[in-house]
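Some notes on the structure that comes next.
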Amino acid sequence: MKPPAIRNPAPAKTVVHIGGIPVEFPFPPYGTQLAFMNRVISTLDRAHREGRSHALLESPTGTGKSLSLLCSTLAWKQNFKSKNLYSKLTHSKPDPAALSDPIGHGGGFIPGTQPSGNQEPAPSVAGRTSGKKRKEKLSPTIYYALRTHSQISQVIKEYRKTSYRVPMAVLASRKNYCTNMKYRGMDNVDEKCKSLLKEKDVGCNEFKNAHKVKCHPSLEKGGCNEVHDIEDLVKVGQVVGGCSYFAAQAMAENAELVFCPYSYIINPVIRKAMDLDINGAIIILDEAHNMEDISRDAGSIDVEEDVLFQLLTELEQLVLNDAMTYKPLIEMLQDIINWIDRRKNSLGRHDFQHYISCWTGDDALKELQDANVSRQCFPILQECATKAIRVASDAESNVPQLSGKAATALEGLFSSLSYFFSENGAHVCDYQLALQRHIKRVAGSAVNIWANTFSLWCLNPAVVFREIADLSLSVILTSGTLSPMNSFSSELGVPFSTSLEAPHVIDTESQLWAAIISRGPRSYPLNASYKTADSYAFQDSLGTSIEEICKIVPGGCLIFFPSYKLMEKLSCRWQETGQWARLNARKPLFVGKICPSSSFSHQCFIYLHMKDLVDNNNPSKIPQWGLGRVGLHRT
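Using my numbering, the final residue of the sequence shown is 637, and nothing's skipped along the way.
Okay, structure coming up:
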């Protein structure tokens with residue numbers, strides 16, 4: 003099988019000088035983009051001078067901030083690398099590998115042929131967690147992180163438009179990258195992969211051939227460094243019979259630009275598992291308006307009692323091999339399970355079939371001490387857990403070890419506990435210990451059972467985020483909505499030396515009027531709470547209100563609802579009463595549904611549908627968006 007060649011034509015470019023650095027842009031940049039790139043470069047210059055500097059950059063959606071981020075950061079990196087290389091050349095013998103690195107030049111990413119048979123496999127593919135010394139880099143690695151894989155694909159499309167080409171990598175899960183046709187697409191592909199790697203007689207041929215993907219002629223060092231995304235790397239893996247997942251990890255070791263989801267950077271457990279070194283790196287967190295929640299989640303743990311039992315069972319099976327490591331962990335888990343058993347029948351009622359009790363500060367510390375998890379004994383337990391996790395992460399070891407699920411549970415538990423006890427207990431008040439008892443459905447059946455969940459929730463995002471800021475050279479947070487920036491900076495616990503609130507494209511004085519309309523035309527309260535949303539009086543009053551708005555607002559109206567269920571309920575009512583026809587007479591109606599799990603693809607579908615209406619000269623069916631926006635909220 004030979005995938006189609008992926009060639010990008012040489013992008014057009016306009017060169018602008020910002021802070022003495024030439025920045026290549028695909029077209030003449032707008033004023034907002036120039037201001038944005040200026041802040042990025044000034045932040046990185048300051049970080050280089052002072053050792054560290056961070057930025058909060060807000061720019062409305064549609065102003066090209068992703069393209070501005072890529073071009074300005076890569077331009078600064080290229081300039082920094084050139085100066086660093088010149089300095090090394092004037093003081094020492096040059097590194098041939100560094101001189102051959104083709105930064106700033108494009109080429110063809112053609113996954114068509116396999117490398118020659120005498121090519122040496124890359125040992126780093128199979129041994130990424132071996133703790134080997136990393137090669138010194140001439141410039142900081144750039145980590146570009148977003149929330150979803152679809153957002154990453156969109157940014158890579160923007161990267162294709164630039165003239166910059168550097169060694170890159172796209173990190174993703176096994177679910178996205180696995181090329182083993184027997185296991186690809188399975189829900190438990192992670193566990194299948196890990197167990198397969200331990201089977202010496204059978205093993206995984208794709209894993210053994212991962213170096214063929216990494217060393218493919220279009221990707222290997224000295225090649226063209228053409229832009230590729232997840233799908234491109236999977237195609238290469240399918241052609242050469244290699245594992246794209248482990249190849250991507252190996253490529254990340256020497257990459258200068260790494261695309262990945264937020265969790266790979268923010269969550270310390272995942273960051274360690276992926277062997278990502280963010281020391282002195284440039285970290286870009288795009289669409290970062292919910293970074294506080296992401297940071298809190300990264301420092302928290304929810305683990306069900308049956309998972310603790312499974313972990314305990316596996317540890318008991320391993321204790322004969324290494325009692326010094328596993329016995330303290332066994333005793334800790336037994337004590338936690340006993341604590342759960344003592345507390346589970348005295349929890350406070352939270353909801354139907356849901357009971358919970360929470361403890362903060364000294365109370366949480368006391369409860370953990372009752373479970374024999376104290377500040378004094380934790381360093382010893384952490385040392386044992388670290389060793390157990392290290393053994394479990396060695397895919398090719400013959401030593402008995404924890405399963406992937408058990409190791410993940412142990413690592414997550416100790417990650418949260420380490421934050422809780424860190425800095426001599428300074429963060430005890432930043433956490434809430436919780437025990438929940440609730441009903442859950444048994445997987446694959448209609449049976450419901452009671453379950454107990456042990457939780458340690460991080461309440462302060464700064465506990466996690468400050469570590470990221472302290473390790474990196476610069477963290478650049480961007481989004482269309484970061485304001486108010488003072489509270490954003492305060493919550494993350496990091497001083498941001500640079501900030502920008504780029505103006506909107508529209509004139510907010512003459513083109514925007516914001517208001518809350520609390521009552522309809524007959525003074526009926528527009529309250530969309532559960533108690534009133536089902537009443538016909540509310541539904542009719544809302545329909546009349548929207549009709550009145552449509553009479554006044556020129557162009558189109560965008561109306562959004564708290565839920566699809568309410569939207570469908572209102573649509574049915576208005577069609578029964580004739581309100582729907584009256585609205586349609588004012589403005590052509592278009593109802594669109596966007597699935598949260600695949601929002602980008604659904605938005606593309608809606609866009610293409612609208613474009614099709616335009617192309618077929620049917621303007622009467624085209625929704626007129628943009629000038630009016632009505633939001634319905636519960637109160």
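Ideal Cβ positions, reconstructed from N, Cα and C, are used throughout, including at glycine.
Predicted model, so just to flag it, every value in this text is computed and none were measured.
Close beta carbons around residue i, own chain, < 7 Å, minus the five adjacent residues each side
| i | result |
| --- | --- |
| residue 296 | 264 and 268 |
| residue 408 | 312, 313 and 316 |
| residue 394 | 403, 404 and 409 |
| residue 178 | 151 and 232 |
| residue 194 | 185 and 188 |
| residue 413 | 271 and 391 |
| residue 382 | 330 |
| residue 524 | 543 |
| residue 129 | Because the pLDDT at residue 129 is just 41, under 50, the model does not fix this residue reliably, and the value given afterwards should be weighed accordingly. Here the set comprises nothing. |
Between the CA atoms of residue j and residue i - distance to the nearest angstrom
| i | j | result |
| --- | --- | --- |
| residue 541 | residue 303 | 42 Å |
| residue 364 | residue 249 | 47 Å |
| residue 603 | residue 151 | Interpretation of residue 603 is limited by its pLDDT of 42, a score under 50 that renders its predicted location unreliable; no figure is taken from the coordinates. |
| residue 317 | residue 200 | 18 Å |
| residue 574 | residue 545 | 12 Å |
| residue 390 | residue 403 | 7 Å |
| residue 386 | residue 379 | 11 Å |
| residue 306 | residue 518 | 43 Å |
| residue 183 | residue 196 | 16 Å |
| residue 21 | residue 474 | 22 Å |
| residue 468 | residue 570 | 44 Å |
| residue 532 | residue 564 | 11 Å |
| residue 588 | residue 34 | 36 Å |
| residue 345 | residue 581 | 56 Å |
| residue 109 | residue 31 | Because the pLDDT at residue 109 is just 41, under 50, the model does not fix this residue reliably, and the value given afterwards should be weighed accordingly. Rounded to whole angstroms, residue 109 to residue 31 spans 25 Å at the Cα level. |
| residue 212 | residue 49 | 37 Å |
| residue 273 | residue 576 | 51 Å |
| residue 529 | residue 567 | 16 Å |
| residue 502 | residue 163 | 25 Å |
| residue 592 | residue 446 | 39 Å |
| residue 308 | residue 456 | 11 Å |
Pair within 7 Å by beta-carbon distance, residue i and residue j
| i | j | result |
| --- | --- | --- |
| residue 41 | residue 58 | no |
| residue 56 | residue 321 | no |
| residue 463 | residue 289 | no |
| residue 165 | residue 15 | yes |
| residue 416 | residue 377 | no |
| residue 522 | residue 543 | yes |
| residue 638 | residue 360 | Limits of the chain in this structure are 3 at one end and 637 at the other, which puts residue 638 out of reach. |
| residue 496 | residue 301 | no |
| residue 285 | residue 145 | yes |
| residue 356 | residue 483 | no |
| residue 68 | residue 38 | no |
| residue 298 | residue 460 | yes |
Residue closest to residue i, alpha-carbon to alpha-carbon, out of the options
| i | options | result |
| --- | --- | --- |
| residue 326 | 55, 388, 361 and 283 | 388 |
| residue 515 | 538, 551 and 527 | 551 |
| residue 239 | 210, 443 and 227 | 210 |
| residue 392 | 470, 381, 277 and 454 | 277 |
| residue 287 | 228, 153 and 279 | 153 |
| residue 139 | 455, 282 and 561 | 282 |
| residue 396 | 351, 502, 428 and 275 | 275 |
| residue 205 | 229, 214, 245 and 220 | 245 |
| residue 319 | 342, 442, 401 and 362 | 401 |
| residue 472 | 498, 373 and 242 | 498 |
| residue 374 | 341, 352, 74 and 53 | 341 |
| residue 430 | 483, 482 and 362 | 362 |
| residue 28 | 324, 419, 530 and 161 | 161 |
| residue 47 | 425, 142 and 63 | 142 |
Cut-off 8 Å between Cβ atoms - residues of its own chain near residue i, not counting five sequence neighbours on either side
| i | result |
| --- | --- |
| residue 314 | 332, 335, 336 and 339 |
| residue 19 | 25 |
| residue 191 | 176, 177, 180 and 185 |
| residue 235 | 172, 179, 215, 246, 249 and 250 |
| residue 348 | 359 |
| residue 638 | Past the boundaries of the shown model lies residue 638; the chain is included only from 3 to 637, so the question cannot be answered. |
Residues near residue i by beta carbon distance below 6 Å, same chain, minus five either side
| i | result |
| --- | --- |
| residue 115 | Here residue 115 scores only 40 on pLDDT, less than 50, and its place in the model should not be relied on; the value that follows carries that caveat. So no residue of the chain qualifies. |
| residue 17 | 24 and 26 |
| residue 171 | 250, 253, 254, 257 and 260 |
| residue 450 | 441 and 443 |
| residue 500 | 41, 45 and 57 |
Min CB distance residue i to chain D below 7 Å
| i | result |
| --- | --- |
| residue 44 | Here there is only one protein chain, and chain D is not present. |
Could you pull out every unbroken alpha helix (DSSP H) segment of at least 4 residues lying fully inside the segment 219-258, listed in chain order?
Listed in chain order, the complete alpha helix (DSSP H) runs (minimum 4 residues) inside the segment 219-258 are 232-242 and 246-256.
At which residue ranges does the segment 498-525 contain complete alpha helix (DSSP H) runs of 4 or more residues, listed in the order of the chain?
Within the segment 498-525, no complete alpha helix (DSSP H) run reaches 4 residues.
Suppose only complete runs of 4+ residues qualify. What are the alpha helix (DSSP H) ranges in the segment 527-607, listed by chain order?
Whole alpha helix (DSSP H) segments, 4+ residues: 538-554, 566-579 and 581-588.
Inside the segment 26-62 only - beta strand (DSSP E) runs reaching at least 3 residues:
Listed in chain order, they are 57-60.
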